[in-house]
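Asks: Structure incoming, see below.
2 protein chains.
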Amino acid sequence: MSTELKVNSYFNDSVKSIALENQEGVSTVGVMSVGDYEFGTSQREYMTVVSGRLTVKLPGEATWKTFSKGETFIVEANLSFSVKVEETTAYLCRYE
Amino acid sequence: MSTELKVNSYFNDSVKSIALENQEGVSTVGVMSVGDYEFGTSQREYMTVVSGRLTVKLPGEATWKTFSKGETFIVEANLSFSVKVEETTAYLCRYE
C-alpha cells in the first residue's frame with residue numbers, strides 16, 4: 001500500500017528531512033538545527049519556512065536576508081547558498 | 001551545539017515526523033502516506049497542512065472535512081480523530 005517514507009540526514013544529523021511526492025510535485029519537509037550551513041542544489045529549489053526563520057545569502061547576492069514562517073525563496077539548479085539558522089526551523093523544499 | 005533531531009515513526013512507518021522546539025513552541029513536522037489513520041492527542045494539537053491535503057473527522061463531528069495546504073484544524077487534549085490521506089501529505093503539528 002503505502003510507499004516507504006525516506007528520511008535523510010545531513011551535516012552530522014543537524015539537518016533531517018522526509019521525502020514526499022504528491023500533486024504539488026517532489027519535495028522534502030525537514031528541520032534544521034541552529035547552525036551555519038552551505039547547501040548545493042541539483043535542481044531548482046523552492047524553499048518555504050514552515051516554522052522558525054532562515055537567514056540566507058542567495059547565490060550572487062552580497063547581503064543576508066531573513067525569511068520567516070510562510071515565506072519562500074528560490075534557488076536555481078547547480079548553485080550553492082548559505083544559511084544561518086538562529087532558532088530550530090522547519091522547512092518545505094520543493095524541487096523542479 | 002545542535003541538539004539531536006528526533007525522528008518518530010507510526011503506523012508501520014506510514015507516518016514519520018521530526019520533532020522541533022523554537023519560538024513558536026513545540027512541534028513536529030511530518031509526512032503521512034496515503035491511508036486511513038486514527039490519532040489520539042495528549043495535548044491540544046494545531047495541525048496545519050504543509051503540502052497535500054487531509055480529510056478529517058474531528059471529535060464529536062458527524063461529517064468529514066478536507067483541509068488543504070495552509071489550512072489548520074485544532075484538536076483538544078485526550079481525544080481521538082480520524083484522518084483519510086488521499087495523497088502523500090506533509091503537516092506541521094504544534095502542541096500546547
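In order, the protein sequence lines correspond to chains X and Y. For the first sequence, UniProt numbering begins at 1 and goes up steadily by one. For the second sequence, UniProt numbering begins at 1 and goes up steadily by one. Even glycine gets a Cβ: it sits at the ideal position worked out from N, Cα and C. Computed from a predicted model, the values in this text were never measured in an experiment.
(1) Excluding the 5 residues preceding and the 5 following V83 (chain X) in the sequence, name in chain order all residues of the same chain whose CB lies nearer than 6 Å to its CB.
(2) Starting from E4 (chain X), find everything on chain Y with Cβ-Cβ shorter than 7 Å and list it in chain order.
(3) Have a look at the DSSP bridge pairing and note the partners of S42 (chain X).
(4) Roughly how many angstroms separate the alpha carbons of F39 (chain Y) and A77 (chain X), rounded to a whole number?
(5) Would you call the CB atoms of L20 (chain Y) and T88 (chain X) closer than 8 Å?
(6) Please go through the segment 62 to 87 of chain X and give each complete beta strand (DSSP E) segment of 3 or more residues, from N-terminal end onward.
(7) Quick check on DSSP: helix, strand or coil for K6 (chain Y)?
(8) Just curious, the beta strand (DSSP E) that E96 (chain Y) is in, first and last residue?
(9) Can you say whether K16 (chain Y) is buried or exposed, counting buried as having 16 or more other CB atoms within 10 angstroms of its CB?
(10) Of all the options X:G52, X:L79, X:E61, which has the alpha carbon lying nearest to the alpha carbon of S68 (chain X)?
(11) For S2 (chain X), which residues in the same chain have their Cβ closer than 8 Å to its Cβ, ignoring the five residues on either side in sequence?
(12) For V49 (chain Y) and G30 (chain Y), I'd like the C-alpha separation in whole angstroms.
(13) Looking only at C-alpha atoms, which of X:E61, X:T28, X:R94 sits nearest to Y10 (chain X)?
(14) Flag V26 (chain Y) as yes if its beta-carbon sits less than 8 Å from any beta-carbon of chain X, otherwise no.
(15) By DSSP's criteria, D36 (chain Y) is part of a beta bridge. Which residues make up the other side?
Replies: Taking the coordinates as given:
(1) If you number the first sequence from 1, residue 83 (chain X) lands on position 83. If the five residues before and after V83 (chain X) are omitted, its C-beta is found closer than 6 Å to the C-beta atoms of Y37, L54, V56, all from its own chain and listed in chain order.
(2) Residue mapping note: residue 4 (chain X) aligns to position 4 of the first sequence, counting from 1. Per Cβ cutoff of 7 Å: D13.
(3) Reading the first sequence from its first residue, position 42 is the one you call residue 42 (chain X). None, per the DSSP bridge assignment.
(4) Against the second sequence, residue 39 (chain Y) aligns to sequence position 39. Against the first sequence, residue 77 (chain X) aligns to sequence position 77. Roughly 39 Å between the two C-alpha positions.
(5) For this step, residue 20 (chain Y) is matched to residue 20 along the second sequence. For this step, residue 88 (chain X) is matched to residue 88 along the first sequence. For L20 (chain Y) and T88 (chain X), yes; Cβs fall inside 8 Å.
(6) Every beta strand (DSSP E) stretch that sits fully inside the segment 62 to 87 of chain X and reaches 3 residues is listed by chain position as 65 to 68, 72 to 75, 80 to 85.
(7) Counting from 1 along the second sequence, the entry for residue 6 (chain Y) is found at position 6. Coil, per DSSP.
(8) Against the second sequence, residue 96 (chain Y) aligns to sequence position 96. Taken as a continuous stretch (DSSP letters only), E96 (chain Y) belongs to no beta strand (DSSP E), as it is neither H nor E.
(9) Your numbering for residue 16 (chain Y) matches position 16 in the second sequence. Answer is buried; the Cβ neighbour count reaches 16.
(10) As a working mapping, residue 68 (chain X) is identified with position 68 in the first sequence. Closest in C-alpha terms to S68 (chain X), from the list X:G52, X:L79, X:E61, comes X:G52.
(11) The residue you call residue 2 (chain X) lines up with position 2 of the first sequence. Model confidence at S2 (chain X) stands at a pLDDT of 48, short of 50, so the residue's coordinates are unreliable; what they give is reported in the following sentence. Within the same chain, S2 (chain X) has no close Cβ partners at all.
(12) The residue you call residue 49 (chain Y) lines up with position 49 of the second sequence. The residue you call residue 30 (chain Y) lines up with position 30 of the second sequence. V49 (chain Y) and G30 (chain Y): Cα-Cα distance of roughly 10 Å.
(13) For this step, residue 10 (chain X) is matched to residue 10 along the first sequence. Looking at the Cα atoms, X:T28 is the closest of the given residues.
(14) If you number the second sequence from 1, residue 26 (chain Y) lands on position 26. It does not; no Cβ of chain X falls within 8 Å.
(15) Taking the first residue of the second sequence as position 1, residue 36 (chain Y) is located at position 36. According to DSSP, D36 (chain Y) bridges with Y:K84.
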